[in-house]
Amino acid sequence: MSVTRVGLGRRVRAALVAGPLLALASLPALAAGEAVVDERFRQAEQALHEGRVADGQRVLEGILKADPRNRDAANLLGNLALAQGRAEEAGRYYDQALEADPLFAETYNNLGVLALQRGQVSQAMTMFQTAVRIDPARAEAWYNLGRVFLAAGKVAEAERHLRRAAEADPGHVMARQRLAVLLIGQKRGDEAVPLLEQAVQAAPEDPAVLFLLATVRDDQGETGKARDLYLKARTAGSANPRLPVYLAEAYLKLGQRAEAARELQAVLKDPKADPKAREAAEALSKKVGP
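Given below as structure tokens:
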């Protein structure tokens with residue numbers, strides 16, 4: 526997240542009202558102060574990225590104590606509270622962020638997520654819609670709207686909003702993946718392929734996307750490509766229990782019986798194998814033979 530220099534413009538305007546000499550004298554100090562805040566914010570983000578949540582939270586609380594109108598610190602503290610199950614505290618931080626900046630689209634999106642967690646679907650929709658009205662490039666809010674419409678069974682609306690999310694952020698992998706699943710469910714696999722290929726470009730090590738693209742290629746009869754994608758999904762860490770069976774089917778179609786048998790035996794010998802995957806492996810083993 527980029528760091529906005531919160532409050533600089535407001536303070537500069539106040540200094541100019543007080544008098545031009547005071548304003549000129551204050552500008553260097555203001556710039557230095559903002560640089561310190563930005564550096565502390567980067568330190569907080571780095572700590573959170575490294576999993577040092579308590580350290581990051583402590584830095585953010587210090588920033589907010591020094592400047593209660595720092596919207597970024599308040600918003601991020603709200604996210605931390607929400608992730609830790611402290612919904613009421615998250616709401617207070619989000620309110621504080623909006624008091625500092627009533628047009629902060631990111632916080633409206635987060636309030637929508639909070640409302641969803643509380644089961645307040647209508648309120649969530651309002652928050653997400655507010656976010657995209659303020660910032661039409663807010664991909665996460667478009668994506669969340671798509672999810673809500675999808676859960677409500679409004680497929681056409683879900684598709685429209687998921688497409689807006691993908692257009693707003695070409696790197697939004699989940700929007701492309703969710704949209705692809707929707708299209709596959711409507712037997713529109715050809716439309717799903719470019720979405721998934723773009724998702725793979727954005728996240729080449731995402732096992733779920735690789736696996737989904739593999740299944741679509743498989744259904745389209747592009748067995749060689751499907752096999753390679755299944756293998757990539759496995760290397761990326763896919764835990765999908767059907768992967769070995771689908772891979773065995775691909776091997777079998779390509780005449781690679783030994784490889785198919787190896788995959789199936791791995792499933793059949795695994796005492797923790799998924800029951801449906803085991804059943805499919807048993808049926809396929811009969812085609813492979815001894």
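Using the numbering used here, read the sequence shown as starting at 526 and increasing by one per residue.
Backbone N, C-alpha and C fix where the C-beta goes; we use that ideal spot for every residue, glycine too.
What span of residues does the alpha helix (DSSP H) with residue i cover, start to end?
| i | result |
| --- | --- |
| Ser647 | Val646 to Ile659 |
| Gly779 | Per the sequence presented here, residue 779 reads as Leu, with Gly not at that position. No alpha helix (DSSP H) holds Leu779; DSSP gives it neither H nor E. |
| Asn635 | Ala630 to Gln642 |
| Asn669 | Ala664 to Ala676 |
| Pro766 | Pro766 -> no alpha helix (DSSP H), and no H or E assigned at all. |
| Gly714 | Gly714 to Ala727 |
According to DSSP, is residue i helix, strand or coil?
| i | result |
| --- | --- |
| Ser810 | helix |
| His697 | coil |
| Glu564 | helix |
| Arg617 | helix |
| Leu732 | Sequence check: residue 732 is Pro here, not Leu. Pro732: helix per DSSP, three-state reduction. |
| Ala798 | coil |
| Asn595 | coil |
| Glu747 | coil |
| Gly710 | helix |
| Asp626 | coil |
| Val584 | helix |
| Arg689 | helix |
| Ala539 | In this prediction, Ala539 has a pLDDT of 29, which is less than 50 and means its spatial position is unreliable; what the coordinates show is noted afterwards. Ala539: helix per DSSP, three-state reduction. |
| Gln524 | In this structure the chain extends from 526 to 815, so residue 524 is not present and cannot be described. |
| Glu684 | helix |
| Lys833 | Within the shown structure, residues of the chain are numbered from 526 to 815, placing residue 833 beyond reach of any answer. |
| Arg803 | helix |
| Glu575 | coil |
| Lys679 | coil |
Return the residue from the list the options that minimises the CA-CA distance to residue i.
| i | options | result |
| --- | --- | --- |
| Val673 | Phe653, Arg663, Val657 and Ala662 | Phe653 |
| Ile588 | Gly610, Ala608, Glu564 and Leu573 | Glu564 |
| Glu730 | Leu641, Leu756 and Gly746 | Leu756 |
| Ala700 | Arg577, Glu682, Glu665 and Gln609 | Glu665 |
| Asp580 | Ala727, Leu602 and Ala591 | Leu602 |
| Gln609 | Gln582, Asn634, Arg594 and Arg596 | Gln582 |
| Arg767 | Asp799, Ala761 and Arg782 | Asp799 |
| Gly637 | Arg617, Ile659, Arg611 and Asn669 | Asn669 |
| Tyr776 | Leu754, Arg617 and Pro661 | Leu754 |
| Asp597 | Arg577, Gly710 and Tyr619 | Tyr619 |
| Ala764 | Ala733, Gly780 and Ala751 | Ala733 |
| His574 | Asn600, Ala591, Lys590 and Leu605 | Leu605 |
| Asp626 | Gln781, Asn600 and Asp743 | Asn600 |
| Ser647 | Gly749, Ala677 and Ala691 | Ala677 |
| Ala751 | Ala727, Lys778 and Ala728 | Lys778 |
| Asp694 | Phe629, Arg663, Arg567 and Ala569 | Arg663 |
| Lys801 | Glu784, Pro769 and Arg782 | Pro769 |
| Ser810 | Pro796, Glu774, Gly780 and Lys797 | Glu774 |
| Ala783 | Pro796, Asp795, Val813 and Ala808 | Val813 |
| Gln621 | Gly644, Ala630, Arg594 and Glu631 | Arg594 |
| Ala630 | Ala785, Arg611 and Ile659 | Ile659 |
| Ala717 | Ala705, Gln645 and Gln723 | Ala705 |
| Val741 | Gln645, Leu720, Gln726 and Ala806 | Leu720 |
| Gly710 | Leu737, Gly746, Ala724 and Val725 | Leu737 |
| Asp592 | Ala572, Arg688, Phe566 and Ala808 | Phe566 |
| Gln745 | Asp715, Val725 and Ala691 | Asp715 |
So, under 8 Å CB-CB, residue i and residue j are touching, yes? Tell me the CB distance rounded to an integer number of Å.
| i | j | result |
| --- | --- | --- |
| Arg640 | Ala649 | A small correction: the amino acid at residue 640 is Ala; Arg does not occupy that position in the sequence shown. Between Ala649 and Ala640 the Cβ distance is about 4 Å, and since that is below 8 Å, they are a contact. |
| Leu607 | Ala615 | 4 Å |
| Tyr771 | Asp795 | With 8 Å as the limit, Tyr771 and Asp795 do not qualify as a contact, their Cβ atoms being about 16 Å apart. |
| Ala681 | Leu675 | Contact flag wrong, Cβ pair sits at about 10 Å. |
| Arg703 | Gly671 | 7 Å |
Open item on the list: Check whether the region 758–765 and the region 788–798 touch, using three or more Cβ-Cβ pairs below 8 Å as the test.
Closed with: no
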